[in-house]
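Under the working numbering, the very last position in the sequence shown is 174; numbers go up by exactly one each time.
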Amino acid sequence: ADGSAHFDFTGSGYESLGNINAPKSVVMSAIIYCLRCLVNSDIPLNQGCLLPITVDIPDSSILNPSETAAVVGGNVLTSQRITD
91 ADGSAHFDFT
101 GSGYESLGNI
111 NAPKSVVMSA
121 IIYCLRCLVN
131 SDIPLNQGCL
141 LPITVDIPDS
151 SILNPSETAA
161 VVGGNVLTSQ
171 RITD
């Protein structure tokens, strides 16, 4: 194993008119949280530990909304669904 992983969110829904969208940074935080739960050693909380990780997230989706989309609810509700 080379320590890499790929997360594919292709097929995620379009961005919502409500506030349940999650910015890409929240998606990345959920990913690192899951990885830290799966690995039996401490992983630092920094960008460097995400270098071997690739992520596909469609533009204008609920997980990568446009700049004008509301996102406050996605920071909690949607990120919890990602970790589930």
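Note that beta-carbon positions come from the ideal geometry of N, C-alpha and C, so glycine has one too. Only a predicted model underlies this, so the values are computations on that prediction, with no experimental measurement involved.
{"Item": "Could you tell me the distance, in whole angstroms, from the CA atom of N154 to the CA atom of T100?", "Value": "11 Å"}
{"Item": "Could I get the ranges of all uninterrupted alpha helix (DSSP H) runs contained in the region 119 to 168, with 4 residues as the minimum, in chain order?", "Value": "none"}
{"Item": "I want to know whether the region 102 to 116 touches the region 141 to 160 - three or more CB-CB distances under 8 Å.", "Value": "yes"}
{"Item": "Just curious, the beta strand (DSSP E) that D98 is in, first and last residue?", "Value": "A95 to D98"}
{"Item": "What number of angstroms, rounded off, separates the C-alpha of I147 from the C-alpha of F97?", "Value": "9 Å"}
{"Item": "Once you ignore the five residues that flank D92 on each side, which residues in its own chain have a CB closer than 8 Å to its CB?", "Value": "P142"}
{"Item": "State buried or exposed for T173, treating a residue as buried only when at least 16 other CB atoms are found within 10 Å of its CB.", "Value": "exposed"}
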